[in-house]
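Residue numbers (this note's numbering), protein chains in the order written: chain H, 250 to 565; chain Y, 123 to 793.
By construction, the Cβ of each residue, glycine as well, lies at the ideal position given by its N, Cα and C atoms.
Since the model is a prediction, treat every value here as computed from it, not as a measurement.
Here is the structure we will look at, set down as structure tokens.
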């Protein structure tokens, strides 16, 4: 109990500390690949600190929803990130929410971001909100299909159980697991507003989705929204790590003794994920908005196929 | 207990008589106040009675035989767990609707068209779950149908209302006809229409199949199961808002009661492909409902389409229960049924609240069209807050009640592989995909509904000068919002009384006793899946406090400035995103093939000062593929039988003789 509590507290703090660094790593990789020197890994920390020091400018007609959304969105994303096993599966909050609840929590964050974007009544907020909900309406089912596949394999929707059983490697390599992994990566790209779905560094009006939604925010509000996006990226990489690259993660039975190896492999996975994302983003062009449907529809079908394959292989 | 319930129902009819004395003219008047206050009190008494019955936990049915009715059949009434649960839904929401009516009725144009029928409507819905023989069931059902038809027609001066009422009346007639036939098959040639006698009969496969089909037509059309849903989005929004809330939130649940009562209790048969059929209907209903809700621009019609979607989700649960039962997995069947009934309760709570909110918007702005609303969060703080709670609930976001029932439903779906038929093995994952797709689209739909109505800048002068509504309208909304939060955080409140109800129907308990506790929900013993809304909520609350702490350490100041809008702020509210533009990506993605949605842009030549025009055309394939052929067929039959109207007496007598001979021969063959 005490060990689990300590692990939980450590994880809550760790995801917060590591998230800006991960974003910095992705940016640095992208800069190096296109021949620039790039800003240091610490730049996102400095950016957040600078935003926090500034006064928040709020539009005259903004309601309470606009002002409270950053706090809510950040808290929900931060909380969700603390549910995903990172260096150990023995975390206190593990049983409170399963994979379904985790998806729904990320859905709440999206829900409030999209509402806040509509609050001021500008056309950019509207365009971002509308497109985000379109992306979400396909990404969320795709994610749940992936979750169904994994849960049917290990007979649990609890993330902690799933991670532990997958980490033992007794299931081996399965076609359906592979398909689910591809589906999750596709969803992660869409959910984190990455190329080819969205461009995190754009300020071109017609290509923005996530940036358009947070356009009216400034000061600490913007800092919270940016931090939420960073933590979300870390969350998805951790999720892919604990589900599909589960090596080295500490288990509940190991307790404290599993922390060292778990932490080392986790940091390695995180760095690898960040670099891989940077390479992927540099090597691909952004899609037209209305091709997103095909991309995410593909993810949804992959998830569904994975599940159907699983049923067929069970019956054989 | 039954006598208390009957007394209150009789008093509801007395109130209807009081309502009939309402003088024509604006507002509630004395009669209106008496009717609404009285109805509220009586419904509250019934709701408490139902709660007492459910918490007493004996689950034994209480019966009563009244010496009235047709000569061959005394009226049987009975109260068991299932009836009590639905009585709780009817009367809980009914009391709130009556309270809301006190405020809403002040704006009623012709109260004399609402007041007499409102108590009758509630009395009918009270009697349906109590009826224990086919005759009284159908009479109660017709009280419910016809009184709601009158209520739909209350603003009869609008052309659309008259059309909606006509379609509703035809569909209600077809539905009742199907139910009459269903009970006829259930009772068989022996002709004992008491439910107790029906339960004892065992049906042949053909009879059982006919009962299922007829009930799905009869009660399914009332619930709004596709393709018989077409009347629902026309009729529900046409009624006054508190009646819309009752029709969408409660009457559809009474129809669900009828389906559960007949299929899981009276008939008792379970065949696997019935489950498959119900799953298919559920998926189609959910998909059609939510896709129309996403693109709809009338707030109340949008809510009605969303009701269709939720009925689809409940049907998926019932279909799963049927499929599991056919496979002998009664515990899992119970879980699916539990999830379906829990979702029915949740939907009645948040949908009536959302309709109350829409009514408040309608009263204070005079508009239901999303394109005329906007910015109301600043004018109507309470209404907008409760509407937001409803939107979060209906989008199945934790920790509110919509998520809890959806989570249970998904747990049942994940047990799908345990069934042996290939059709079901493949259908269950597809149903799961349809369910989560519908839920995700519902999220988009309600971001749009809330965002366009309450956020942004006002799109009409009426929305800009909206006022807060009467306190009698705000209280029921707040109560329902609190109920949504409570049931979401502590699902045990609803699930503990429901478990014995499901036990009674399935014969085994759906969930082990330790599966549902105050804190934890872990329904499937062999799977370690658990959920705790309360723990989640408290943890998030603590973390939110920590997030708020940054205000102390950084600049906590706020400066109000004009909107930034990428450097090009436009003062005109018409440059905002509209309801149509918000729905455009989803309409393009799903609607192009499904609804034949076509966008037409009429762009004037450069230099021409004429305005550009944009229009969207959508066709509902249901009308083209289902209703038109039916209408054509009816037209053809009436045309071709028209000749019978102009026969001589001789020919008429000959016809009667022929029919008599035919029937006698039929009797001989059957005997």
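Using a Cβ-Cβ cut-off of 7 Å, residue 572(Y) is close to 364 of chain H, given in chain order.
Chain Y places a beta carbon closer than 7 Å to that of residue 328(H), counting this residue as a contact. Under a 10 Å Cβ-count criterion, residue 126(Y) is classified as exposed, with fewer than 16 other Cβ atoms of the shown protein chains found around its own Cβ. For residue 789(Y), the secondary structure class from DSSP, reduced to helix, strand or coil, is helix. For chain Y, the residues of the segment 308-319 of chain H that bring a beta carbon within less than 7 Å of one of its beta carbons are 308, 309, 310, 312 and 314, in chain order. For residue 676(Y), the chain H residues whose Cβ falls inside 7 Å of its Cβ are 301, 302 and 469, in order along the chain. For residue 497(Y) and residue 253(H), the gap between their C-alpha atoms comes out near 47 Å. In terms of Cβ geometry, residue 318(H) and residue 549(H) do not form a close pair [threshold 7 Å]. Residues of chain Y with a Cβ closer than 8 Å to the Cβ of residue 370(H) are, in chain order, 496, 497, 577, 578, 579, 685, 695 and 698. One Cα belongs to residue 424(H), the other to residue 651(Y), and the distance between them is close to 25 Å. Here the C-alpha atom of residue 535(H) lies approximately 16 Å from the C-alpha atom of residue 377(H).
Using a Cβ distance threshold of 7 Å, residue 756(Y) and residue 349(Y) do not count as a contacting pair. Contacts with chain H (Cβ-Cβ distance below 9 Å) from the segment 707-725 of chain Y involve 707, 708, 710, 711 and 712, listed in chain order. Partner residues in the beta bridge of residue 722(Y), as assigned by DSSP, are 737(Y).
Distance from the CA of residue 437(H) to the CA of residue 492(Y), rounded to the nearest whole angstrom, comes to 33 Å.
Nearest CB-CB separation between residue 564(Y) and chain H: not below the 7 Å threshold.
Within the same chain, Cβ atoms closer than 7 Å to the Cβ of residue 237(Y) are found at 141, 144, 153, 154 and 157, the five residues on either side in sequence being excluded. Classified as buried, residue 432(Y) has 16 or more neighbouring CB atoms from the shown chains inside 10 Å of its CB. Counting only the Cα atoms, residue 360(Y) lies some 40 Å from residue 454(Y). Your pair residue 249(Y) and residue 131(Y) checks out as a contact, with CB atoms roughly 6 Å apart and the cut at 8 Å. Around the beta carbon of residue 768(Y), fewer than 16 other beta carbons lie within 10 angstroms, which makes this residue exposed. Taking a 10 Å sphere around the C-beta of residue 746(Y), we find fewer than 16 other C-beta atoms and assign the residue as exposed.
A contact between stretches requires three or more CB pairs, one per stretch, nearer than 8 Å, and the segment 705-720 of chain Y meets this requirement with the segment 410-426 of chain Y.
A buried status is given to residue 474(H), since no fewer than 16 other beta-carbon atoms sit within 10 Å of its beta-carbon. Around the beta carbon of residue 502(H), fewer than 16 other beta carbons lie within 10 angstroms, which makes this residue exposed.
Put simply, of 298(Y), 720(Y), 197(Y) and 371(Y) the residue whose alpha carbon is nearest the alpha carbon of residue 208(Y) is 371(Y).
Distance from the CA atom of residue 408(H) to the CA atom of residue 416(H), rounded to whole angstroms, is 12 Å.
From the listed residues 706(Y), 732(Y) and 688(Y), the smallest Cα separation to residue 371(H) is found for 688(Y). Take the alpha-carbon of residue 222(Y) and the one of residue 151(Y): they are about 15 Å apart.
Under the DSSP assignment, residue 285(H) falls outside any beta strand (DSSP E); it carries neither an H nor an E label. Exclusion of the five residues before and after residue 175(Y) leaves 123, 201 and 206 as the residues of its chain whose Cβ lies within less than 7 Å of its Cβ. Between the alpha carbons of residue 281(Y) and residue 275(Y) lies a gap of roughly 10 Å. At a cut-off of 7 Å between beta carbons, residue 495(H) makes no contact with chain Y. In the DSSP assignment, residue 416(Y) falls outside any beta strand (DSSP E) and lies within the alpha helix (DSSP H) extending over 394-417.
If you ignore the 5 residues before and after residue 653(Y), its C-beta comes within less than 6 Å of the C-beta of 529 and 643, all in its own chain and listed in chain order. With 16 or more other Cβ atoms from the protein chains shown falling within 10 Å of its own Cβ, residue 399(H) counts as buried.
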